[in-house]
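Beneath this line is the structure, given in structure tokens, with notes to follow.
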Amino acid sequence: MKTVKAIDERIQITLKQLMRLKHDAHGFSFLSNQPLKSKLMGRKRSTIRGRGLDFSELRDYRPGDDIRNVDWRVTNRMGKPYVRLYCEEKDRPVMIIVDQRSNMHFGSQWKMKSVLAAELSALIAWKALDEGDRVGFIILSDQRYIECEPTRSHTKFQQYLALIVKFNQIINSNSAQTNKPISMAGLLKKAEKFITHDYLLIVISDFIDPQASIIPSLAKLTQHNDIIACYVYDQLEHDIRPLENLVLGDGEYQLQLSANKKGLTEKFNHYTEQKLSNMQTTFAKHNIPLLSFSTEFNVAGQVRKHLGAA
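Position 159 of the sequence shown, counting from 1, maps to 159 under the numbering used here, and the rest follow consecutively.
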């Protein structure tokens, strides 16, 4: 009898793993009314608009109506006060970009960045569904991407999670060499066409792409949508002091370096620290919250830490 090798959920994601996260989707919110601890609290304007208001009707003013809804132009023309009535939108489309390219298949602490990104996308999606929003995904690998249109259907949603699992379990170290890999900049450029207005766009990636290549599209998208950037990282990418020797490879060649040789550690750590600082400054300039998620810790706990525990 052929035995099925068990999947290590720290290295590759499973559908059961993503389904279980439904029970952890509480204690945080992406709406504008944020808890005091939230990273989205205290901004000059509402970072996350929440559900908007649709114009319903125009009628004469009645005692008890909010004076802020008086339409002064119509009032002046008609000679008596009129108010504009609004109704709350029934839902808000949430689109989650999940980076599953080869650069995400790395981890030295507890989990791979690719696994953490998949878990984070599912956790956010479960919360959005619970709040009545439609949820969709754009899943990205080295050689292809797939767009899953926003839905409230749990059947479709489970199919979307299965696609994330499929993308996560495709690991081809030579894929980037055989063909030009898909860039985040190229994906965002395409996303400008179908992420139109009043979306909540959440981008989950290690943002390895040059900032100058992705910021133009993000800046354009943020004009009419809310964006949250989720930076997934491994501590070893920021600090290589725990290592005595480094073995670097590209799938074909390997190179061994001494971490202590000629101040290599200090130079590397300074470079990565400066890169992160520049990324934080750039995203803040465009009013895009940047939330950091480490492969060392549980994803649900990190989300609640950023967005406030209820």
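Here a beta-carbon is modelled for each residue, glycine too, at the ideal position from N, C-alpha and C.
Under the DSSP assignment, Met-104 falls outside any alpha helix (DSSP H); it carries neither an H nor an E label. The beta carbons of Tyr-233 and Ser-141 sit about 20 Å from each other, so the pair does not count as a contact at 8 Å. Note on Ser-153: under 16 other CB atoms within 10 angstroms of its CB, so exposed under the neighbour-count rule. Look at Glu-192 here: in three-state DSSP terms it is helix. For the pair Leu-307 and Asn-287, the Cα-to-Cα distance works out to about 17 Å.
By alpha-carbon distance to Tyr-82, the top candidate from Gln-274, Gln-280, His-197 and Asp-65 is Asp-65. Around the beta carbon of Thr-295, a 10 Å sphere encloses 16 or more other beta carbons of the protein chains shown; the residue is thus reported as buried. As the crow flies, the alpha-carbon of Gly-107 is around 27 Å from that of His-26.
Put simply, the backbone Cα of Val-303 is about 13 Å away from that of Pro-289. Nearest in C-alpha terms to Ile-13, of all of Arg-73, Val-115 and Arg-59, is Val-115.
A direct Cα-Cα distance of roughly 10 Å separates Gly-132 from Pro-93. The alpha-carbon separation between Gly-186 and Ile-215 amounts to approximately 12 Å. In terms of CA proximity to Trp-110, Glu-9 leads the group Thr-155, Glu-9, Glu-192 and Leu-85. As the crow flies, the alpha-carbon of Leu-276 is around 11 Å from that of Ile-208.
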